[in-house]
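909 is the number of the first residue of the sequence shown in the numbering used here; add one for each residue after it.
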Amino acid sequence: MSEHITASAPAKINAFLSVGPARSDGFHGLSTVFVALDLAGTVEVEFLAGWGADAVTADGPFAAGVPTDSSNLAARALAALKKRCEETGRTAWGSAVARLTKNVPAAGGMAGGSADAAAALRAGNAYLERRGAAFDEEELRTIAASLGSDVPFALLGGAAAGSGRGERLTPIDAPHEFRWIAVPHQVSLPTPGVFARLDEMRAAGTAPQPVRGRGEAARALKAGDPERLGAALANDLAAPAMELRPGIAHTLLELRQLPGVTGVVVSGSGPTVVALLAGEEEQQAASEALRSRGVEHLLAAGPAPGARVIGGEP
Ligand code: C5P
């Protein structure tokens, strides 16, 4: 016997990202503003009652290079939830097959893998809920944080101020939708290397100290003002990301020059670059201009909802 549950979770950008020094645990203290985008990946999980091998498959436009072994973040999320079931006396599934649809660039700075983990947690918790044994949001958040710094935000969605290593979240009430264009790069950029490069650059005096202004970015989001938010976009990881991938600087410049663009920023640790547009018309016009130049890009709106169940059958 098996049952299927499908969940989706949003990509994110950091509209503002200030990075402090490395902590003793190797992570960097962050002061950030997350915005969830409607570029959602989906995870369909088939839960099997009997014991068997877990499996992962990946399809969709950004499936290339995504691991389909136990290192996959959706697989790790299901394993972590199952372990927590064992620790708390809940009866979990026997085995699970997770089918991912990758709509978000992998290792691009938009937390596509973290979104898969958050969606898998929602699917797993929905399975438990059917049996009256769901975990509450706080427990899920703790499991999410154990999987990666961006997973708690993918669960929450919307917009939020983040601190700690990114897992401590305060929601921002941002009822207005903003229009974005994301330009992914062919070659991904591993996050640890970008943080390490920032440390090296700061030690050598070639990168600035942590940027300030999270409050202004949060206020611009609340006010729904794209001009103000465009001016507040900032990311300390842009400098090391641009050093490691010089093409990023060119993309930033190209996007900044498009009419209707109020600001540009590197997304997380890159290499995806994001532009904020004044509105939907401007987004369409900029998209047309990029298409005529053959620049691959994605249209997005956000803040968008966090991870949620979108379908399922017993
Ligand atoms: O938490 P996550 O698995 O996404 O982190 C991946 C890597 O990125 C970490 O191992 C660390 O090298 C770096 N990182 C960091 N500071 C953070 C978040 C991530 O140094 N706040």
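Glycine is no exception: its CB is placed at the ideal position from the N, C-alpha and C atoms.
Quick caveat, the model's predicted, so the values are computed rather than measured.
Subject >> Per-residue burial, glycine 997 [other beta carbons within 10 Å of its own, 16 or more giving buried] >> reply: exposed
**OP:** Report the rounded CA-to-CA distance for asparagine 922 versus methionine 909, giving the unit in angstroms.
**Re:** 42 Å
Subject >> the region 1063 to 1073 / the region 1199 to 1219 touching (three or more Cβ pairs under 8 Å) >> reply: yes
**OP:** Scan the region 957 to 1037 and note each continuous alpha helix (DSSP H) run of 4 residues or more that stays entirely inside, going in chain order.
**Re:** 981 to 995 and 1020 to 1037
**OP:** State the start and end residues of the unbroken alpha helix (DSSP H) segment that holds isoleucine 1218.
**Re:** Per DSSP, isoleucine 1218 belongs to no alpha helix (DSSP H); it is in the beta strand (DSSP E), 1216 to 1221.
**OP:** Give me the Cβ distance between aspartate 1081 and lysine 1010, rounded to the nearest whole Å; I'm assuming they're in contact under 8 Å.
**Re:** Their Cβ separation, rounded to whole angstroms, is 31 Å, which puts aspartate 1081 and lysine 1010 out of contact at 8 Å.
Original post:
Can you tell me whether DSSP reads leucine 1141 as helix, strand or coil?
Top reply: coil
Subject >> Identity of the residue in Thr1180, Glu1135 and Tyr1035 nearest proline 1098 by Cα >> reply: Thr1180
Original post:
Apart from the five residues on each side of it in sequence, which residues of its chain come closer than 8 Å, Cβ to Cβ, to alanine 976?
Top reply: With the sequence shown as reference, residue 976 is identified as threonine, and alanine is not the correct amino acid for it. Answer for threonine 976: Ala963, Val964, Thr965 and Ala966, listed in chain order.
Original post:
Taking glycine 934 as the reference, which of Phe924, Gly1072, Asp1144 and Ile1051 has the closest Cα?
Top reply: Gly1072
Original post:
So, does the CB of leucine 1129 fall closer than 8 Å to a CB anywhere in chain D?
Top reply: The chain inventory of the structure shown lacks chain D, comprising one protein chain alone.
Subject >> Near ligand 1: threonine 1277 beta-carbon under 7 Å from a heavy atom >> reply: Outside the displayed range of the chain (909 to 1222) lies residue 1277, so it cannot be described from this structure.
Subject >> Run of the beta strand (DSSP E) containing threonine 1170, from where it starts to where it stops >> reply: 1169 to 1174
Original post:
At what residues does the alpha helix (DSSP H) containing arginine 1127 begin and finish?
Top reply: 1122 to 1131
**OP:** Have a look at leucine 1207 and arginine 1087 and give me their C-alpha separation to the nearest angstrom.
**Re:** 8 Å
Original post:
Does the pairing of the region 1145 to 1153 with the region 953 to 961 give three or more beta-carbon distances under 8 Å?
Top reply: no
Original post:
What did DSSP end up calling glycine 1178 once you bin it into helix, strand or coil?
Top reply: coil
**OP:** Determine the extent of the alpha helix (DSSP H) in which phenylalanine 1061 is found, giving its start and end residues.
**Re:** 1059 to 1064
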